[in-house]
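Novice:
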Amino acid sequence: MQSSITNPKDVAAGPAGQQDVVIAINNAIAARIGQQKFHIWFRHSTQIMVTDECIKVSVPNLFALRWIEGRFSSHIRQAASSVLGGDRQITFVIDAGLTPPQAGLGTTIQRLSERKRTESRLSSGSAATQAKPSQAARLTLDNFVVSRGNQLAYTAARAVIDEPKGPFNPLFIHGGYGLGKTHLLQGICNAVQKIRPCTRWQYMSAEDFVNQFVLALKTKKLEAFRNRIRQLELLAIDDIHFLAGKPSTQEEFLHTFNAIDLAGRQIVLVSDAHPTMISQFSDKLASRFISGMVVKITPPDFAARCRICRQYADAVKAHVPEQVINYIAEHLKDNVRQLEGAMLKLIAFSSLQGKKVDTEMAHEVAAEHLARTDPIVHISDIESAVAAYFGVTSSEMHSPRKDKTVTLARHFSMYLARKHTSMSSSELGRFMGGKNHATVLLACRKIEQLISRNSQLSWHGPAGNKVSTARLVLAHLEEAVAS
Ligand code: ADP
Ligand code: MG
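Start counting at 1 in the sequence shown, then tack on 825, and there's your number in this note's numbering.
1) State whether the stretch 1035-1043 contacts the stretch 1259-1270, with contact taken as three or more CB pairs (one from each stretch) at a distance under 8 angstroms.
2) Answer yes or no: the CB of Thr-1007 versus the heavy atoms of ligand 1, is any distance below 7 angstroms?
3) Apart from the five residues just before and just after Ala-1305, which ones in its own chain have a Cβ nearer than 6 angstroms to its Cβ?
4) In terms of DSSP beta bridges, what is Trp-1026 paired with?
5) Smallest Cα separation from Ala-1263: which of Ser-1249, Ser-1280, Ile-873?
6) Please report the straight-line C-alpha distance between Gly-839 and Ala-849, rounded to a whole angstrom.
7) Mind checking which residues open and close the alpha helix (DSSP H) that includes Phe-1127?
8) What separation, rounded to the nearest whole angstrom, lies between the Cα atoms of His-1203 and Thr-1007?
9) Is the stretch 1140-1149 in contact with the stretch 993-1010, if contact means three or more CB pairs nearer than 8 angstroms?
10) For Ala-1084 versus Arg-1113, is the C-beta distance shorter than 8 angstroms?
11) For the stretch 889-899 against the stretch 852-867, are there 3 or more C-beta pairs whose distance is under 8 angstroms?
12) Rank Ser-1096, Leu-1059, Arg-1255, Leu-1047 by C-alpha distance to the C-alpha of Arg-1066 and give the top, closest one.
13) Do you know whose CA, among Thr-1024, Glu-878, Tyr-1240, lies nearest Leu-1057's CA?
14) Using only the heavy atoms of ligand 1, determine whether one of them is closer than 7 angstroms to the beta carbon of Arg-973.
15) At a cut-off of 7 angstroms, would you count Asp-1159 as near ligand 2, judging by its Cβ distance to the nearest heavy atom?
16) Along the chain, where does the beta strand (DSSP E) that runs through Phe-997 open and close?
17) Just the Cα atoms here: how many angstroms apart are Arg-973 and Asn-852?
18) My output table needs one value for Ser-1096: the three-state DSSP class, helix, strand or coil.
19) Whole angstroms are fine: how far does the CA of Ala-1173 sit from the CA of Leu-1275?
20) CB of Ile-893 to nearest heavy atom of ligand 1: below 7 angstroms?
21) Looking only at its own chain, which residues have a Cβ that is under 7 angstroms from the Cβ of Met-1239, when we skip the five neighbours before and after it?
22) Bridge partners for Cys-879 per DSSP, in chain order?
23) When you compare the CB positions of Pro-1190 and Ala-1167, do they come within less than 8 angstroms of one another, or not?
24) Using the three-state DSSP reduction, which class does Ser-907 fall into: helix, strand or coil?
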């Protein structure tokens, strides 16, 4: 019989003789379940890998996972122990690259493969995450710079990585835009994958959770969705504040949370605000979140900013003098994304102009990132960013129309224009279609209020109804304006 190992990386990673061991296990499985079933369910559809702690069985989709796990796991276990001696844990992983079980060998199989197709569509998020963790969670802790502002979060993350039944459940990390929350969360997943490769983990954004939940509802596949999520040993959800104002998803998530927590498994959540500060978040959910470990990330200090810049330059093999790094780190203090943006620009400038990176260049780049009255940001840049985001046109923003989406877009435009251009409020008022300066100031104050409360905003965007928080909207717009 042929070995089902097809992934050269696994062969290379495994001990010598791994291939023979796998062939022997496959033979033993075939002997137990019969050639026909083996042919249908194993020959091309599974890939067995033996590690020190477990037997990892990769299967092509959720349907095959359920079927093979449900019917054959004891056969796999016994076959493995007959070859290896001792009992090892069997872990199933979805690898979308494998061939699905053969269909057409009778009506039962055909019917089943119909189901399989619909189920695998639902599970594709998880399949992708499990099979290619490097794509879904590409950031690792190897290049995460630890400083006072993120030390506690980092230590808690390490505890989650090191202990499967760690003391913090959930671990809830919150902090401002661009401070490394996503980096840390993906870093946890990648480290777990490396240290305990058999762990069933999933990294997903809260938006993915909402979308998958809604799809499951629509296609009447709620059970499959629940089973898939609730069997995870580590669930990592990014930007959980996205659930604000979505009571039914919050309710669903509460049950998910309870199920995973009850099973003694780990949940890590990331948000832009403390659980109790997320508006339109159910009290029940918030109190569950604060029952674990809540840690805040604050901006990096000067030394950490220098290390981040140095690391960035080294990663792209660019020569950036110490003085330049110090200058950038001294002037750009708000967040890491901004630092990285400046370094990127600096390095791009120098290579485009064929000049070495020098302090003069650094002054230019930093000034661009810093300036409140930035000559490079023009009102038209702001308007086009805002218009694209909210799905309205500039002329709608200049018109007297008062519907929610247009008003929100107009107010954000005014706020950003006051912040980033040198236009006075009277000039801006005239530009926005004959409005006076008091109207502009009022609009700015309104946005400031929304931001300070991080209120929930809803509007009708280009892709339908949208809901987000004020700070998140601002972050998106700022980024669009700066790029
Ligand atoms: P957030 O999710 O908090 O908005 P991200 O995790 O997306 O922020 O971080 C923004 C960028 O800054 C990413 O490219 C990330 O790799 C980088 N970054 C953030 N914090 C750190 C850190 N402590 N060390 C190294 N890089 C960092
Ligand atoms: Mg993020």
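All C-beta atoms in this analysis are idealised placements derived from N, C-alpha and C, irrespective of residue type, glycine included. Please read all numbers here as calculations on a predicted model, not as lab measurements.
Specialist: With the given structure in hand:
1) A contact between stretches requires three or more CB pairs, one per stretch, nearer than 8 angstroms, and the stretch 1035-1043 fails this requirement with the stretch 1259-1270.
2) Checking every heavy atom of ligand 1 against the Cβ of Thr-1007, one is found closer than 7 angstroms.
3) Around Ala-1305: Ala-1210.
4) DSSP, once it has assigned bridges, lists Leu-1059 as partnering Trp-1026.
5) Out of Ser-1249, Ser-1280, Ile-873, Ser-1249 has the C-alpha closest to the C-alpha of Ala-1263.
6) With a pLDDT of 46 at Gly-839, under the threshold of 50, the modelled position of that residue is not reliable, and the figure given next carries that caveat. For Gly-839 and Ala-849, the distance between alpha carbons rounds to 15 angstroms.
7) Where Phe-1127 is concerned, the enclosing alpha helix (DSSP H) stretches over 1127-1140.
8) Distance between the alpha carbons of His-1203 and Thr-1007: 31 angstroms.
9) Flag = no, the stretch 1140-1149 and the stretch 993-1010 do not touch.
10) Cβ distance not < 8 angstroms, so Ala-1084 and Arg-1113 don't count as in contact.
11) The stretch 889-899 vs the stretch 852-867: in contact.
12) The sequence given here places His at residue 1066; Arg does not occur at that position. Nearest of Ser-1096, Leu-1059, Arg-1255, Leu-1047 to His-1066, Cα basis: Ser-1096.
13) Distance from the Cα of Leu-1057 is smallest, within the candidate group Thr-1024, Glu-878, Tyr-1240, for Thr-1024.
14) Not under cutoff, so the answer is no.
15) No, the Cβ of Asp-1159 stays beyond 7 angstroms of every heavy atom of ligand 2.
16) Where Phe-997 is concerned, the enclosing beta strand (DSSP E) stretches over 996-1000.
17) So the two alpha carbons sit approximately 55 angstroms from each other.
18) Strand at Ser-1096.
19) In this structure, the alpha-carbon of Leu-1275 lies about 36 angstroms from that of Ala-1173.
20) No; taking the cut-off as 7 angstroms, the Cβ of Ile-893 has no heavy atom of ligand 1 nearer than that.
21) Closer than 7 angstroms at the Cβ level, and outside the excluded window around Met-1239, lie Leu-1253, Met-1257, Val-1265, Ala-1268, Cys-1269.
22) Per DSSP, Gln-914.
23) A quick correction: the sequence has Val, not Pro, at residue 1190. A contact, by the Cβ cut-off of 8 angstroms.
24) In the structure shown, Ser-907 sits in a helix (DSSP, three-state: H, G or I).
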